[in-house]
Amino acid sequence: MRKKHRDSQKRIYIPNVCYFLTTNTLQRYPYFMEPIFCEIFMENLKLCKELKGFELYGWFLGYDHIHLQIKSGECFSYSGIMHFLKRNFSHNINLIMGYIEGADNYPRLQFRGILKKYRTQFLQKYPHSHPFPQFRWQKSYHDHYIRDEHDFMIHLKYLEYQILKHNMSKDWKYTFLNPEYEDLLDDSY
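Heads up, the sequence shown is in my numbering, so the first residue is 160 and it goes up one at a time.
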């Protein structure tokens, strides 16, 4: 008899609806206090959105977690989106920190160039050693089905509140409220 993984969750996939998703770094390690990691996450989010074709209505990158408010496209479920984002980001960060040797997992020249730029910045900032353990996400993530427009707005307000909730600097830029990232957002629900 095959054992079921203890973290297995039954997920409900409803087409053409919005979900609010949350995942944490393993043991809530604050990797995203390092701006280079935040920038790499943003590049991965852009690439994931381009390749997976989902709509993004809001997001927040905290020191140790992320929130996304998305509607998946025709071809990929939100589980596929989270798998892509978590797997590729982890690989890229660990490559930059030197935990993975060899080629990156992107044959796309543009993304390879972006990773090389951030690897150079990381090595300039930490020439001899760095304080970060190998990057890992928690095994799963939390999902919430957005029931209606009111629920949609409640979760956007929750994203807006994250900076205050976590006592972060008012100029924290890794949020959907930053005009620098407005091209990532889709029209409202």
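Here a beta-carbon is modelled for each residue, glycine too, at the ideal position from N, C-alpha and C.
Checklist entry - Does DSSP put residue 176 in a helix, a strand or coil? => result Residue 176 falls in the coil class under three-state DSSP.
Item to check | alpha helix (DSSP H) runs contained entirely in the region 165-243, provided each spans 4 or more residues | outcome: Within the region 165-243, the complete alpha helix (DSSP H) runs of at least 4 residues are 194-211.
Next on the checklist: If I follow the unbroken beta strand (DSSP E) through residue 302, where does it start and stop?
Outcome noted: That run of the beta strand (DSSP E) goes 301-304.
Item to check | Straight-line Cα distance separating residue 313 from residue 277 | outcome: When the Cα atoms are used, residue 277 and residue 313 turn out to be separated by approximately 35 Å.
Checklist entry - For residue 184, is the classification buried or exposed, using 16 other Cβ atoms within 10 angstroms of its Cβ as the cut-off for buried? => result Residue environment: residue 184 is assigned as buried (16 or more neighbouring CB atoms within 10 Å of its CB, all protein chains considered).
Item to check | Presumed contact (8 Å Cβ cut-off) between residue 213 and residue 231, rounded CB distance | outcome: Confirmed, about 5 Å.
Next on the checklist: Excluding the 5 residues flanking residue 221 on each side, which residues of the same chain have their C-beta closer than 7 Å to its C-beta?
Outcome noted: For residue 221, the CB contacts under 7 Å within the same chain, skipping 5 residues up- and downstream, are 191, 321 and 325 in chain order.
Checklist entry - Taking buried to mean at least 16 other C-beta atoms within 10 Å of its own C-beta, is residue 323 buried or exposed? => result Exposure of residue 323 is indicated by the presence of fewer than 16 other C-beta atoms within 10 angstroms of its C-beta.
Item to check | Beta-carbon proximity check, residue 216 vs residue 315, cutoff 9 Å | outcome: A distance below 9 Å separates the beta carbons of residue 216 and residue 315.
Next on the checklist: Does the structure place the region 297-313 close enough to the region 189-204 that three or more beta carbon pairs sit under 8 Å?
Outcome noted: They do not touch, by the three-pair rule.
Next on the checklist: On a Cα-Cα basis, can you pick out the residue from 292, 256, 303 and 227 that is closest to residue 240?
Outcome noted: The shortest C-alpha separation from residue 240 is found at 227.
Checklist entry - Excluding five sequence neighbours on each side, which residues of the same chain lie with their C-beta closer than 6 Å to the C-beta of residue 207? => result Excluding sequence neighbours, residue 207 sits near 243 and 244.
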